[in-house]
Amino acid sequence: YGVVKALIKNSADVNASPEPAITLGIQGRCFQGSKAIKHLKRVVEAGAHINTPTGSMSPLAAAVQAANEASNLKEANKIVNFLLHRGADLSSTEHTGTPALHLATAAGNHRTAMLLLDKGAPATQRDARGRTALHIAAANGDGKLYRMIAKKCPDSCQPLCSDMGDTALHEALYSDHVAEKCFLKMLKESRKHLSDSSFKDLLNTHQVANGDTLLHLAASRGFGKACKILIKAGASVSVVNVEGKTPVDVAAPSLKDRSWFFGESV
1 YGVVKALIKN
11 SADVNASPEP
21 AITLGIQGRC
31 FQGSKAIKHL
41 KRVVEAGAHI
51 NTPTGSMSPL
61 AAAVQAANEA
71 SNLKEANKIV
81 NFLLHRGADL
91 SSTEHTGTPA
101 LHLATAAGNH
111 RTAMLLLDKG
121 APATQRDARG
131 RTALHIAAAN
141 GDGKLYRMIA
151 KKCPDSCQPL
161 CSDMGDTALH
171 EALYSDHVAE
181 KCFLKMLKES
191 RKHLSDSSFK
201 DLLNTHQVAN
211 GDTLLHLAAS
221 RGFGKACKIL
231 IKAGASVSVV
241 NVEGKTPVDV
251 AAPSLKDRSW
261 FFGESV
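Residue numbers 1 to 266, in the UniProt record's numbering, belong to the letters of the sequence shown in order.
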């Protein structure tokens with residue numbers, strides 16, 4: 001930081017670099033220890049941009065990444081909080097288009113994610129692959145963060161599809177990190193925040209590429225209890241995917257002896 005201080009004192013242009021000065025400072029660990037905020041404040045007051053153009057690593061995204069890796073998360077979150085108080089754009093991203101909330105979610109960093117959500121981070125914002133933060137939490141099997149996001153932003157539970165055509169619950173069922181119990185908790189949480197019609201739409205949303213519904217995926221994984229709950233809630237047993245197969249057709253061998261399960265012989 002001593003070099004930075006000297007440059008500022010000599011009227012250096014803090015925005016001369018193509019990369020944001022604050023971002024570089026965070027990545028270079030200039031803002032650490034008991035004087036972290038003091039040092040950061042000096043750079044900001046010298047005119048460093050808090051918000052930066054799309055395609056660059058925003059200071060907020062850099063701060064969240066640093067928090068994800070920090071040994072002292074409380075101190076790291078002070079940087080995040082300072083930037084937010086100074087007007088950092090909650091929808092700002094890193095250079096590939098991943099928003100700050102997604103970064104915290106992907107790292108399982110609950111405290112930073114909650115800080116962002118409390119400040120109003122848009123949980124329905126998409127990354128470069130069209131995924132919301134709820135998609136990320138679902139794929140990671142992070143039921144706690146899934147619940148936090150759903151409570152803070154109920155609209156994120158709507159059947160929002162990624163560029164691959166997956167809802168968050170599709171992502172959950174595709175993931176090896178998600179056991180049946182975890183999926184059912186996510187399903188239950190989503191139900192709390194949706195109308196009857198929206199929930200039924202969610203249950204019967206087709207994955208765009210292959211046409212699978214949640215029931216197709218639950219059946220293929222042998223999630224018997226989940227299948228029962230999905231059917232009772234309104235999931236269609238006759239719907240077909242792009243191969244013309246129903247959930248019955250793709251059911252795991254462990255479900256094949258349950259002729260009562262789908263109301264017909266499998």
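Ideal Cβ placement from N, Cα and C applies to all residues, glycine included. Bear in mind the structure is a predicted one, so any value in this text is a computation, not a measurement.
From the DSSP output, which residues share a beta bridge with Pro99?
Thr93
Meets three-Cβ-pair contact criterion under 8 Å: the region 16–24 and the region 64–75:
no
Let me confirm a value: Ser156 is counted as buried when at least 16 other C-beta atoms fall within 10 Å, else exposed. Which label applies?
buried
Pro247 and Lys237 - do their beta-carbons sit closer together than 8 Å?
Looking at the sequence provided, one finds Val at residue 237 rather than Lys. Yes, Cβ-Cβ distance for Val237 and Pro247 is below 8 Å.
Return helix, strand or coil for His170, following the three-state DSSP convention.
In the structure shown, His170 sits in a helix (DSSP, three-state: H, G or I).
Do Leu73 and Lys119 count as a contact pair if the criterion is CB distance below 8 Å?
Contact: no.
Which residues mark the beginning and the end of the alpha helix (DSSP H) in which Asp124 is found?
Looking at the sequence itself, residue 124 is Thr, so the reference to Asp does not match. Where Thr124 is concerned, there is no enclosing alpha helix (DSSP H), given that its DSSP letter is neither H nor E.
Please determine if the region 186–199 and the region 134–154 are in contact, where contact requires at least 3 C-beta pairs separated by less than 8 Å.
At 8 Å Cβ cutoff, the stretches touch.
What are the boundary residues of the alpha helix (DSSP H) that Glu27 is part of?
It is worth fixing the name first, because residue 27 is Gln in this sequence and not Glu. Gln27 -> alpha helix (DSSP H) spans 21–27.
Do you know whose CA, among Thr124, Val80, Glu45, Lys232, lies nearest Ala61's CA?
With distances taken between Cα atoms, Ala61 lies closest to Val80.
Just reading off the alpha helix (DSSP H) that Ala54 is part of, what are its end residues?
Reading off the sequence shown, one finds Thr at residue 54, where the question assumed Ala. That residue, Thr54, is in no alpha helix (DSSP H); it is neither H nor E in DSSP.
For Ala133, count the other beta carbons within 10 Å of its own beta carbon; 16 or more makes it buried, fewer makes it exposed. Which is it?
buried
Classify Leu160 as helix, strand or coil using the three-state DSSP reduction.
coil
DSSP three-state call for Phe183: helix, strand or coil?
Helix.
For a quick check, are the C-beta atoms of residue 306 and Ala123 less than 8 Å apart?
The structure shown does not extend to residue 306, since the chain spans only 1 to 266, so no value can be given for it.
Residues in its own chain within less than 7 Å of Gln207 by CB, not counting five upstream and five downstream?
Gly165, Asp166, His170
Under the three-state DSSP convention, the category Pro154 falls into:
In the structure shown, Pro154 sits in a helix (DSSP, three-state: H, G or I).
Going by Cα to Cα distance, which pick from Ser92, Ser197, Met148 is closest to Gly108?
Nearest C-alpha to Gly108: Met148.
Apart from the five residues just before and just after His102, which ones in its own chain have a Cβ nearer than 7 Å to its Cβ?
Asp127, Ala133, Ile136
Roughly how many angstroms lie between the CA atoms of Val240 and Thr52, to the nearest whole one?
Roughly 46 Å between the two C-alpha positions.
Residues near Gly130 by beta carbon distance below 6 Å, same chain, minus five either side
Ser162, Asp163
Taking 7 Å as the cut-off, does the CB of Asp201 come closer than this to any heavy atom belonging to the ligand ZN?
Of the ligands one can find in the structure shown there are none, so the ligand ZN has no counterpart to examine.
From what residue to what residue does the alpha helix (DSSP H) around Asp196 run?
196–203
Those runs of the alpha helix (DSSP H) which lie wholly inside the UniProt repeat "ANK" (210–242) and span at least 4 residues
214–220, 224–233
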